[in-house]
Amino acid sequence: MNKTNSNLYRAFTLVELLVVMAIISILATVIIGGFRSSQIRGKDAQRKSDLKQIATALELFFADYGKYPPVNGVQIAACPYNPENGTGTACVWGSGSMSDGKTTYMRTIPKDPASSQNYVYKVSSTQNMYQLFARLENTEDKNCIGGDCLNPGITVICGGGNVCNFGVTSTNTSPTDTLP
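Here the numbering used here is used: the first residue of the sequence shown is 658, the next is one more, and so on.
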C-alpha cells in the first residue's frame, strides 16, 4: 500500500526570495525618501517661522526706539541693548534674549535647525531698515529669493559656505537690496 505524505512542504526558490527582497528594498527606498523630504520641509518651515518671529521682535523694538537694533557681525546687538548709548551685546543665535532691561522683545533668539548654518542679520547704517536671511534646503521652495533657490542673486553666506536663499526684511527694503 502506497502512503502519500500530505505533510510535504515546498520551500521558496531563490528567484522568489530575490523578488521579495527587491520589492522590500524598493518600498524602503520610497518610504525613506519621503521621510527625508518631510524632514527638509519641516526644517524650512521652522526657518521661515523663526525669521518672522525675529522680524516681529525687530518691529516692536523699532516702535519703541525709532530704529532697529545695531548689528555685530551677523548677529543682532540687543542682548541686552543699552538705550542710553545705543549699543548692545551680540545675541547668540539659540540662546540670547533680546531686551533693553525693561522690555523683552524676544525671550530666546532662534537658531537655524542645521548646526552648520546660521541666520544672518543686516541693518542699514542709519538703522532704519533691516534684512534677515536663512538658507532653505528645499531647492524647489517657491519662497526663495527671486523664486530661485539655487541662484538667489545675493552673496550673503549663511554658514558652511552656503549662500542664503530666503529673506525677510523691513517694509522699506528687499532681500536683494544693498543696505547703505
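A virtual CB, placed ideally from N, CA and C, is assigned to each residue, including glycine.
Remember, predicted model here, so these are calculated numbers, not experimental data.
Asked: Which first and last residues belong to the beta strand (DSSP E) in which Val-825 is found?; Found: 823 to 826
Asked: Using DSSP bridges, identify the partner residues of Val-820.; Found: Ile-814
Asked: I'd like the list of long-range same chain contacts for Gly-817, defined as Cβ closer than 7 Å, with 5 residues on each side in sequence excluded.; Found: Ser-773 and Gln-774
Asked: In this structure, what does DSSP give as the bridge partners for Phe-790?; Found: Val-777 and Gly-824
Asked: By Cβ distance below 7 Å, which residues in the same chain neighbour Ile-733 in space, the five residues on each side in sequence not counted?; Found: Pro-726, Cys-748, Met-755, Ile-766 and Tyr-778
Asked: So Asp-757 and Tyr-738 are supposed to be a Cβ contact under 8 Å. How far apart are they, rounded?; Found: 5 Å
Asked: In this structure, what does DSSP give as the bridge partners for Tyr-738?; Found: Gly-745
Asked: Let me make sure I understand the geometry here. Which of Glu-716, Asp-701 and Val-687 has the alpha-carbon closest to that of Thr-761?; Found: Glu-716
Asked: In its own chain, which residues sit with a C-beta less than 7 Å from the C-beta of Gln-703, not counting the 5 before and 5 after it?; Found: Pro-770
Asked: Smallest Cα separation from Ser-694: which of Asp-798, Val-820, Ser-827 and Thr-833?; Found: Asp-798
Asked: Ordered along the chain, which non-local residues of its own chain (more than five positions away) have a Cβ less than 6 Å from that of Asn-819?; Found: Arg-792
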